[in-house]
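Student: Take a look at this one; I'll ask things after.
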């Protein structure tokens, strides 16, 4: 997560800049960020228990023993450290770990604790070793530390490693590629922070060299490890069609390609990744914004292959899409990318963490059946977990929520663009505002100017695509764009946005068979779900049908930390005995029931119960 | 495949016996068996190319070199050899391979070529070594050879190995269990053939000892390898609820438990497996009879988790269900099990092999999308293949089709029960009949008595559950049971069965979300499918909707080796641009189209095109 890609080159009509100061001050996200802050020390405990920190200490000569787990494990530490850096509440942790990491680094700049402790030769199985993946997360943590605290000790480790990479790989060096992208965007971020051009050049090399099987497991393998698409390595990015293969790899790589396009002013490459984003949005994105449809290979499916029950909606993939959308927002200024960020934050990333106690979903299913059985460790049927054997997701959530303020708004020379509505203070140069809102429960957003230049500036407020009756200062504004208020502002001036919060019924594209005949209920930015404990006792969730003709009402509730619940009318259809029956026979007669819906992100916080986002209609 | 379990003990009201003589003489299945006979020499070539035969020759001292592939590979040879034995056309192949296998066997009876060639210690990683799995397939091939040809040379190898197992495992021996069941039913078959009681006792031990984690990979593994359910090892079979985990393992194990129940007269165990079968049928079986819903772990899903597009309808799993249903039919005489065998043969096993040239599906998908991309080797998006790295399915199809006559009918002391309709001659003792039919294209089945005892005997004809207007000698008979004609028959007597062949529209249970709003078209025992080449040019398969109110007509066609095609009315709905839209907006306006359906088993024989079994309705 690099919430502040600096100085994008103008490859598009609009380029937005991250803010110099953004802070969440209250409301919904303040609560979630506080929970995330409380999770950070737990993350450290879990990294200790899993041996990740031990690996680095052994490599640093501070401890002895055998390395634990795969060579990807350093990345968990770096992601967690990035969360520490953005959060800023525990500078001593950053300093302590930086000392260990510095000591673990080899003289030539190489760093991977498991490879080093085991005495393995670096870069011999890059398709699966995650060595450059770990490097990328190190770079991102280092950039976060430098930007957030000014401490450049970790940045020195990062640049030594980056220099080593720049001497080792590239057109005049080794031609193999890392199996798991992230190094591409991380190198661009390092370039943005340091100005060292070879880092950008190496990123560009990694982006352009991919697509020719050089990241793929060599030899024959009948599984997804033998499939170049698994590594986004089947087709060069400029020619690529739909995203395919391992979802996290694909969106991380697209993010890196977008960064390269921005920093090199490569309009063709930017067009290619925008096309790919739009294709993904139209054909491969769950209603929550999550991506990934196949457990086997943690992969994208074919177009419209979007099963709610077997959604492989990996938390890390949603975070990757968020990062990608952010870059496209900066490059284009189009509100649809900010819409996507909102969708992802509330419905694809926030559901991954429990309301309390920092437990995490690796896979964010949209449907848990009655009697669901957990098979593999990351099965959502087990509920959220403190940690995983492959623990990519928990620290990824931590760093994302710790950096949340960076996604709220951007600045231009003469204006402030507000993309996400949260109780916050935002500053772009000498233009500063406070935002007061109870969003997403309420659609009122009050923007109060606290400082303004003497000249005319523009305040841009994102009007989500779904907000078809929004007003700014009581005047109707168009959905799916920014409402722009341009004038000379004075401290104390207030702009009042009203977003309509009527519940909405959504259906899928007709080609999504797996949700045919079902609706999803949304309100504001939130996707809702039916969970068993809120329904009439004795009626299994599978029996419930929603009456789309009846009104859906809302209520504030103390449930689940305080949410707005939705209340619908429906029917209960008892289970039929036949697996298949003649089309001309009727299903069983339904009885009337009331349905209660909760925000999807809150499910599985009261124990393990059946849940569904897509609800059959009556 | 053991089509002839001998002498079932009476644990149920009815026990049926395999026939002493059954032969396919013409019609549909004669063609498919001829194609299978032509596939057998190709199977040998592919076993040579893959190194399976080489492994055995190296172990036998007939060749030198390194072993190829995993220690499961001998099983492919044994399954192929079983096909050779049942088919009976190439006795020299059987003799030659038996010599090699005999030479490869260790003096103590142990046999696994890869383990031996690599010098590994036997039974050290039974959860994954497939050593007893290979033993089981050896036993089945040996029993087939003895029953089919009278040649007991391979049976001697089998009994030496079985004696070794009986001395090694069991209540007073090693307590670990094989990860992949099949040894259980194979030991019972060997007991039936030899009468050696310890083989049955060992099978009973393997059945009862399972369910306590002794077949599961030791230690921790976050994948399905760490899940006892993967090995049907989570709950003892007598207490088990729904089938779970790896589908092939689960149905093979249930088959073995059924064999043990039959041979030990264990009514409680028989009840348990019948309950499990019924549960599977109601909740976990695709409309084709295939089972398996998850690619990850090749596993059963939760109840009603039956995705057409990602169906993991493994060919071997369907064959396992067939074997299981056959045993339950013998034990109970209930026609529903014979209905299942028919469903499986036509729609879950036959689709796995091409009409010509012996190419095979590992996974029998029910939906191939436009633009589907193959990822892993066994992806059906690639079409059928000559062989696989893990080639369990092709020789499994070969042995099943080679033994097809055994499934046609059974005998009792005073009668003949005809379960499957094929051009054939059938004999139970001194009661013999010829069957003439063009089934499944036509519903007329003529049974002509060719020999009969002087006493009254009973001819039982299965009336499928779907055959609601069937007649026997022009008199209506009840569907879902046997029509029984009891009298003194004389040679030349004919009994005429008419099965109704009107196309039928089927819908899924309301809880199967993934096929909601869709129908499957069936005619007689055949499930039909839409394939792109038969539809109106320029209309993508995804656009097509079927009009359930319009009549479906039939036509005989020269297509695909000669089939009956179905013709329906429908609509084409153009693709919408929005991934999700408001429930209150309409989909695009449809245009009228004609739809042509082909039998599902014939799809992917004209190239790779979109196909679907479940068709959205208009």
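Residue numbers (this note's numbering), protein chains in the order written: chain A, 1 to 618; chain B, 619 to 1236. Note that beta-carbon positions come from the ideal geometry of N, C-alpha and C, so glycine has one too.
(1) What number of angstroms, rounded off, separates the C-alpha of residue 959 of chain B from the C-alpha of residue 943 of chain B?
(2) Along the chain, where does the beta strand (DSSP E) that runs through residue 1069 of chain B open and close?
(3) Quick one: is residue 553 of chain A buried, meaning 16 or more other Cβ sit within 10 Å of its Cβ, or exposed?
(4) If contact means a Cβ-Cβ distance below 9 Å, which residues of the region 205-218 of chain A contact chain B?
(5) Confirm, please, whether the CB-CB distance from residue 224 of chain A to residue 317 of chain A is below 8 Å.
(6) Residue 1168 of chain B and residue 1140 of chain B: beta carbons closer than 8 Å?
(7) Starting from residue 644 of chain B, follow the beta strand (DSSP E) in both directions and report where the run begins and ends.
(8) Would you give the residue range spanned by the beta strand (DSSP E) that residue 498 of chain A belongs to?
(9) Measuring alpha carbon to alpha carbon, tell me which of A/212, A/182 and A/202 ends up nearest residue 191 of chain A.
(10) Residues in its own chain within less than 7 Å of residue 207 of chain A by CB, not counting five upstream and five downstream?
(11) For residue 415 of chain A, which three-state DSSP category applies?
(12) Under the rule that 16 or more other beta-carbon atoms within 10 Å means buried, what is residue 836 of chain B, buried or exposed?
(13) For a cutoff of 8 Å on Cβ pairs, would you count residue 548 of chain A as touching chain B?
(14) Could you please tell me which residues of the region 930-947 of chain B, in chain order, have their CB closer than 7 Å to any CB of chain A?
(15) Check the DSSP bridge columns for residue 424 of chain A and list the partner residues they point to.
(16) Would residue 822 of chain B be called buried (16 or more neighbouring beta carbons within 10 Å of its own) or exposed?
(17) I'd like the list of long-range same chain contacts for residue 232 of chain A, defined as Cβ closer than 7 Å, with 5 residues on each side in sequence excluded.
(18) Using a Cβ-Cβ cutoff of 8 Å, what residues of the region 1193-1205 of chain B are near chain A? List them in chain order.
(19) Compare the C-beta of residue 840 of chain B with all C-beta atoms of chain A and state if any pair is closer than 8 Å.
(20) In whole angstroms, give me the CA-to-CA distance for residue 734 of chain B and residue 1228 of chain B.
(21) Using only CA atoms, which one of A/114, A/62, A/108 and A/286 lies nearest to residue 74 of chain A?
(22) Using a cut-off of 7 Å between C-beta atoms, extract the partners of residue 1007 of chain B located in chain A.
(23) Measuring straight from C-alpha to C-alpha, what distance separates residue 243 of chain A and residue 321 of chain A?
(24) How long is the line joining the alpha carbons of residue 761 of chain B and residue 773 of chain B, rounded to whole angstroms?
(25) Please state if the CB of residue 1045 of chain B and the CB of residue 638 of chain B are separated by a distance shorter than 8 Å.
(26) Among the candidates B/1061, B/1030 and B/1033, whose CA atom is the shortest distance from the CA of residue 1040 of chain B?
(27) Based on DSSP bridge pairs, tell me the residues matched to residue 1186 of chain B.
(28) Quick check on this structure: which residue in A/460, A/293, A/33 and A/477 has the alpha carbon closest to the alpha carbon of residue 499 of chain A?
(29) Starting from residue 262 of chain A, follow the alpha helix (DSSP H) in both directions and report where the run begins and ends.
(30) List the residues of chain B that residue 516 of chain A touches, going by C-beta distances under 9 Å, in chain order.
(31) Short of 7 Å in beta carbon distance, which residues of its chain neighbour residue 1099 of chain B, apart from the five on each side in sequence? Order them along the chain.
(32) How big is the Cα-Cα spacing for residue 812 of chain B and residue 572 of chain A?
(33) Less than 8 Å between the beta carbons of residue 1163 of chain B and residue 1234 of chain B, yes or no?
(34) Output, in chain order, the set of chain C residues within a Cβ distance shorter than 7 Å of residue 862 of chain B.
(35) Rounded C-beta distance between residue 77 of chain A and residue 52 of chain A? I'm assuming under 8 Å.
(36) Do you know how far the Cα of residue 17 of chain A is from the Cα of residue 166 of chain A?
Tutor: Taking the structure as given:
(1) Counted from its first residue, the second chain places residue 959 of chain B at position 341. Counted from its first residue, the second chain places residue 943 of chain B at position 325. When the Cα atoms are used, residue 959 of chain B and residue 943 of chain B turn out to be separated by approximately 7 Å.
(2) To locate residue 1069 of chain B, count along the second chain from 1; it is residue 451. Element bounds for residue 1069 of chain B: 1062-1069.
(3) The residue you call residue 553 of chain A lines up with position 553 of the first chain. Around the Cβ of residue 553 of chain A, a 10 Å sphere holds fewer than 16 other Cβ atoms; the residue is exposed.
(4) Within the region 205-218 of chain A, contact with chain B at the beta-carbon level (separation under 9 Å) is assigned to no residue.
(5) The residue you call residue 317 of chain A lines up with position 317 of the first chain. The residue you call residue 224 of chain A lines up with position 224 of the first chain. In this structure, residue 224 of chain A does not lie closer than 8 Å to residue 317 of chain A by Cβ.
(6) One-based indexing of the second chain puts residue 1168 of chain B at position 550. One-based indexing of the second chain puts residue 1140 of chain B at position 522. Not closer than 8 Å, so no.
(7) The count along the second chain starts at 1 and reaches residue 644 of chain B at position 26. Segment 639-644, the beta strand (DSSP E) holding residue 644 of chain B.
(8) Sequence index remark: in the first chain, residue 498 of chain A carries index 498 (1-based). Membership of residue 498 of chain A in the beta strand (DSSP E) is indicated by the continuous run 494-498.
(9) Taking the first residue of the first chain as position 1, residue 191 of chain A is located at position 191. Ranked by Cα distance from residue 191 of chain A, the options A/212, A/182 and A/202 are led by A/202.
(10) Taking the first chain and counting its residues from 1, one reaches residue 207 of chain A at position 207. So the list reads 184, 237, 256, 257 and 260, once near-sequence residues are dropped.
(11) Here residue 415 of chain A refers to the residue found at position 415 when the first chain is read from its first residue. In the structure shown, the three-state DSSP call for residue 415 of chain A is strand.
(12) Indexing the second chain from 1 puts residue 836 of chain B at position 218. With a threshold of 16 other beta carbon atoms within 10 Å, residue 836 of chain B falls short and is exposed.
(13) Taking the first residue of the first chain as position 1, residue 548 of chain A is located at position 548. Yes - at least one Cβ of chain B is within 8 Å of the one on residue 548 of chain A.
(14) Of all residues in the region 930-947 of chain B, none has a C-beta nearer than 7 Å to a C-beta of chain A.
(15) Taking the first chain and counting its residues from 1, the one referred to as residue 424 of chain A is at position 424. Beta bridge pairing from DSSP links residue 424 of chain A with A/24 and A/435.
(16) For the purposes of this step, residue 822 of chain B is identified with residue 204 of the second chain, where counting begins at 1. Counting every other CB atom within 10 Å of its CB across the protein chains shown gives residue 822 of chain B a total of 16 or more, marking it as buried.
(17) For the purposes of this step, residue 232 of chain A is taken as the residue at position 232 of the first chain. Only 181, 210, 245, 249, 250 and 253 meet the Cβ criterion.
(18) Of all residues in the region 1193-1205 of chain B, those with a C-beta nearer than 8 Å to a C-beta of chain A are 1193, 1194, 1195, 1196, 1197, 1198, 1199, 1200, 1201, 1202 and 1205, reading in chain order.
(19) Stepping through the second chain from its first residue, residue 840 of chain B is reached at position 222. So yes, residue 840 of chain B belongs to the interface.
(20) Mapped onto the second chain, residue 734 of chain B falls at position 116. Mapped onto the second chain, residue 1228 of chain B falls at position 610. Between the C-alpha atoms of residue 734 of chain B and residue 1228 of chain B there is a straight-line separation of about 46 Å.
(21) Counted from its first residue, the first chain places residue 74 of chain A at position 74. Taking residue 74 of chain A as reference, the option from A/114, A/62, A/108 and A/286 with the minimal CA-CA separation is A/114.
(22) By one-based count along the second chain, residue 1007 of chain B stands at place 389. Neighbourhood of residue 1007 of chain B in chain A, by CB distance below 7 Å: 222, in chain order.
(23) As a working note, residue 243 of chain A is residue 243 in the first chain. As a working note, residue 321 of chain A is residue 321 in the first chain. One alpha carbon belongs to residue 243 of chain A, the other to residue 321 of chain A, and they sit about 12 Å apart.
(24) Position 143 of the second chain holds residue 761 of chain B. Position 155 of the second chain holds residue 773 of chain B. The alpha-carbon atoms of residue 761 of chain B and residue 773 of chain B are separated by roughly 6 Å.
(25) Here residue 638 of chain B refers to the residue found at position 20 when the second chain is read from its first residue. Here residue 1045 of chain B refers to the residue found at position 427 when the second chain is read from its first residue. For residue 638 of chain B and residue 1045 of chain B, yes; Cβs fall inside 8 Å.
(26) For the purposes of this step, residue 1040 of chain B is taken as the residue at position 422 of the second chain. By alpha-carbon distance to residue 1040 of chain B, the top candidate from B/1061, B/1030 and B/1033 is B/1061.
(27) Locating residue 1186 of chain B in the second chain gives position 568, where the first residue counts as 1. Paired residue(s): B/1213.
(28) Looking up residue 499 of chain A in the first chain gives position 499. For residue 499 of chain A, the closest of A/460, A/293, A/33 and A/477 by C-alpha to C-alpha distance is A/477.
(29) Translated into positions along the first chain, residue 262 of chain A becomes position 262. Membership of residue 262 of chain A in the alpha helix (DSSP H) is indicated by the continuous run 247-264.
(30) Numbered from its first residue, the first chain carries residue 516 of chain A at position 516. What residue 516 of chain A touches in chain B: 1131, 1132, 1133, 1134, 1135, 1136 and 1234.
(31) Working through the second chain from its first residue, we reach residue 1099 of chain B at position 481. Here the set comprises 953 and 1081.
(32) Within the second chain, the letter at position 194 stands for residue 812 of chain B. Within the first chain, the letter at position 572 stands for residue 572 of chain A. Roughly 57 Å separates the two Cα atoms.
(33) Within the second chain, the letter at position 545 stands for residue 1163 of chain B. Within the second chain, the letter at position 616 stands for residue 1234 of chain B. Against a cut-off of 8 Å, the Cβ pair of residue 1234 of chain B and residue 1163 of chain B comes out as a contact.
(34) The displayed structure is made up of protein chains A and B, and chain C is not among them.
(35) Here residue 77 of chain A is taken as the residue at index 77 of the first chain, counted from 1. Here residue 52 of chain A is taken as the residue at index 52 of the first chain, counted from 1. So it is a contact: roughly 5 Å between Cβ atoms.
(36) In the first chain, residue 166 of chain A corresponds to position 166, counting from 1. In the first chain, residue 17 of chain A corresponds to position 17, counting from 1. Pairing residue 166 of chain A with residue 17 of chain A, the inter-Cα distance amounts to about 28 Å.
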